[in-house]
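Visitor: In our numbering, the protein residues as written are 595 to 884.
Glycine included, each C-beta is placed from N, C-alpha and C at the ideal position.
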Amino acid sequence: MPVYVDREAPKLWRRICSETTLEASLLAEKWKLVLAGLAFQYIHGLAAHGVHYLHRPGPTLQDAGFFILPALGADKAFVSETVFVTIFGSFVLWTFHPFVSHIKKICTVLIWCRVFVYLAASQSLRIITFFSTQLPGPNYHCREGSKLAKIPPPKNVLEVLLMNFPYGVIYGCGDLIFSSHTIFTLVFVRTYQRYGTRRWIKHLAWLMAIIQSLLIIASRKHYTVDIVVAWYTVNLVMFFVDSKLPEMAERSSSGPSQKPLLPLSTKDGKNKSKEDHQRLPNENNLADED
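1) Using 8 Å as the Cβ pair cut-off and three pairs as the minimum, do the stretch 740 to 757 and the stretch 653 to 660 touch?
2) Excluding five sequence neighbours on each side, which residues of the same chain lie with their C-beta closer than 6 Å to the C-beta of histidine 735?
3) Tell me whether histidine 646 sits in a helix, a strand or coil according to DSSP, three-state version.
4) Compare the Cα-Cα distances from isoleucine 697 to each of Gln717, Thr791, Thr785 and Phe678 and report the closest residue.
5) Does DSSP put histidine 816 in a helix, a strand or coil?
6) DSSP state of asparagine 733, grouped into three classes?
7) Going by DSSP in three states, leucine 713 sits in which element: helix, strand or coil?
8) Between Phe693, Ser774, Ala812 and Phe685, which lies nearest to threonine 723 when the distance is taken from Cα to Cα?
9) Helix, strand or coil: how does DSSP classify glutamate 753 here?
10) Using only CA atoms, which one of Gly683, Asp657 and His643 lies nearest to proline 760?
11) According to DSSP, simplified to helix, strand and coil, what is asparagine 829?
12) Does the stretch 704 to 722 come close enough to the stretch 785 to 800 to have 3 or more Cβ pairs within less than 8 Å?
13) Apart from the five residues on each side of it in sequence, which residues of its chain come closer than 7 Å, Cβ to Cβ, to threonine 605?
14) Taking DSSP as the reference, what is the three-state secondary structure of isoleucine 821?
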């Protein structure tokens, strides 16, 4: 066993070095888009914290999901967060798997560029909706009587920009329609559905997305409408973005027998089919002459 590890270690190191070189060149080309995507995550967090100043606690609205799903209670709120962290962490690890895996269907930089576009488009719509109408938060810390339900006006600009991190992010109120956790979950699940290779993981990912949505409602972190709107909005946004953005570039294969590691666009597929049809008669003629 130690001999096997010793033999594989140099191969793994060479693979990591080659992938780092490739990804570094892509990052040098796409750094503006990556930086813009990260910056928008901060802007989204800033908007979600800003609406907390406008939040006014009130009676919890009538909700079909609250009637169907029993409340987990404030002491079990970590359950839905655990599922979300599992989905989030698994997706991040998968996007970096080309550095160590033989199967390299995606490029890490390119996949995150696409993910940032999905997130920015969905979160822009979310910011518009929760600033349009502020609903009384159903979460336990957002209800009447809680000290966290309302926050005093900011004393200075720095207080707003820092967002009272991390408490301002964890105990936010007012940013309801639609669910941010569901945005991330659906973007990650649909991205793996398109570029992932393991069918059982795809099925498991969709199951976890459904379970997480139900747990969010049972934890009273969102109304059912927040989850429903997120499910159809994110899917429609991703469908629209995919129709406008070009397909990711095909990875170079490491051997002549390997198939293209990224799906080709329809146009490229047609051109390749024409070339194959033209090549076949020429090869057959050469074979007859021999």
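Guide: If we stick to the structure as given:
1) no
2) Leu742 and Tyr765
3) helix
4) Thr791
5) coil
6) coil
7) helix
8) Ser774
9) helix
10) His643
11) helix
12) yes
13) First, the residue type needs correcting, since residue 605 is lysine and not threonine in the sequence shown. Excluding positions up to five away in sequence, the list is empty.
14) helix
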